[in-house]
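To start, the structure under review is shown below, and the notes come after it.
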Amino acid sequence: MMHGFRTPPDPLPRSGAGTPDLGTSFELLRALIPFDAAQVLAIDGDPGVSRPVEIFRTGYSSNTAWALAHMFPRKETLGFTRYASADAPLPPTLSTSEVRGEFTSSRLFRDHLAQEGYADGMTLELFCGESPVGMAHFSGRDPRAFDGPPREAALAVSGLLGVLVAEVRARYPGTGAAPGARREAQHDPDVGRRLAADEAFTRHVDAFCTGPLAFVEHLWWVDGKAVTVEIVQPGQVTARPAPGGLTRGLTGQELQVLSALCCGASDADIAARLYLGVRTVQAYVSSLRTKLDAASRLEAVVIALGSGLYIPHPDTAPLHQIVRGTVTR
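In the UniProt record's numbering, the protein residues as written are 1 to 329.
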């Protein structure tokens, strides 16, 4: 499959007939809804059975974004708000939800949201007219981030978000990403050409294109040097030299071990993947935890996923395992 290794196009106009810059729009929402992370999902057809597609994300790691898209409970075709909110039509929040205990004991919260430090959450059902078109998730590290006015503000903008989701899907069929759904980055054409010739990288991009995420950001090796790669649906690649200090002094082997750790692999599994001894893997894990100032393996993974400090590989650290991984403690 051919993918686009090129400088991203300029965002469409922010007013008039163009699709809004979603990143800018969501930053403006922070004054009303004090979120630390947000995700907008489009859902075609029956929300209870259709595959969600991410059209915007900020704050969440790819791991948690995948979990929200696939593990968030949708017990009823319609009416999640009525089911979970004690005072519908106000959206349910973690601190006010009728199902708080059920949700906080779920794998989604325990292994993903809580591990990234999120203590409160709010979910909006999105409609265009009478038709369900998607969901918007907001998370905050303040345990009562969305009490009171933020819920009212979210309800007030839910209709606009629903229309926006419907417009984005109509304008960009077959892809979750819309212009402005991520931050723009400088592209290094020479690095892009080398990536395009890398068979493992091409396989990695193919795997990304079959997944639900709108974009991912991570590291890759090019001629022995770390580069930062962003991939946006349907396979557009932006690459540039990694910022100084991003790798925290990790060696290439330590990054490989950390990336396999992000898949939820045990020491023995990592050893088999990388053709290393188990004790060697354990030494690498101890070293990388020290360099990351991580109190545990799990904290090391959270740091890696949150900062794009990992290198997926179709054989040793497949993307689908990284976004679904549960860390072996």
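Backbone N, C-alpha and C fix where the C-beta goes; we use that ideal spot for every residue, glycine too.
Between the CA atoms of residue j and residue i - distance to the nearest angstrom
i	j	result
residue 340	PHE208	For the chain, the structure presents residues 1 to 329; residue 340 sits outside this window and is missing.
LYS225	GLU152	49 Å
LEU250	LEU22	34 Å
ALA86	ILE33	20 Å
GLU299	LEU94	23 Å
LEU126	VAL301	32 Å
ALA196	ARG203	10 Å
LEU288	LEU160	45 Å
LEU124	VAL281	43 Å
CYS262	GLY162	34 Å
ALA156	PRO89	11 Å
ALA145	THR104	16 Å
GLY245	ALA294	17 Å
GLU80	MET71	Inspection of the sequence shows that residue 80 is occupied by Phe rather than by Glu. If I take the Cα positions, the gap works out to 14 Å.
SER62	ALA154	24 Å
PHE56	ALA114	21 Å
GLN233	LEU213	8 Å
ASP112	SER266	Residue 112 is actually His in this sequence, not Asp. Whole-angstrom Cα-Cα distance: 18 Å.
ASP315	GLN39	29 Å
ASP44	VAL257	38 Å
GLU199	TYR275	21 Å
PRO92	GLY121	8 Å
SER106	VAL165	28 Å
ARG279	VAL227	29 Å
VAL168	ARG248	38 Å
SER158	PHE35	15 Å
PHE109	GLY277	34 Å
Buried versus exposed call for residue i [16 or more other C-beta atoms within 10 Å across all chains shown]
i	result
THR290	exposed
TYR284	buried
GLY134	buried
TYR60	buried
THR24	exposed
GLU54	buried
ALA136	buried
SER296	exposed
ASP223	exposed
GLY148	exposed
ALA304	buried
GLU102	exposed
ALA260	buried
SER97	buried
ALA317	buried
PRO150	buried
PRO143	exposed
ILE322	buried
Beta-carbon separation (whole angstroms), residue i vs residue j, contact threshold 8 Å
i	j	result
residue 407	SER139	The question about residue 407 has no answer, for the chain in this structure spans 1 to 329.
ALA69	LEU41	6 Å
GLY211	HIS320	7 Å
TYR118	ARG82	At roughly 24 Å, the Cβ-Cβ gap does not stay under 8 Å, so TYR118 and ARG82 are not in contact.
GLU116	GLY306	7 Å
Chain D within 8 Å of residue i, Cβ atoms only
i	result
VAL278	Looking for chain D here will not work: only one protein chain is present.
Cβ contact (3+ pairs, closer than 8 Å) linking the region 210-223 and the region 302-311: yes
Contact between the region 230-247 and the region 187-201 (3+ Cβ pairs under 8 Å): yes
4 or more residues per run - each alpha helix (DSSP H) lying fully within the region 51-102: 62-71, 80-84
Length-filtered (4 minimum) alpha helix (DSSP H) runs lying within the region 187-217: 189-196, 199-209
At least three beta-carbon pairs within less than 8 Å, the region 22-31 to the region 267-283: no
Complete alpha helix (DSSP H) runs within the region 210-277 (minimum length 4 residues, chain order): 252-261, 267-274
Alpha helix (DSSP H) runs wholly inside the region 299-328, at least 4 long, in chain order: 319-322
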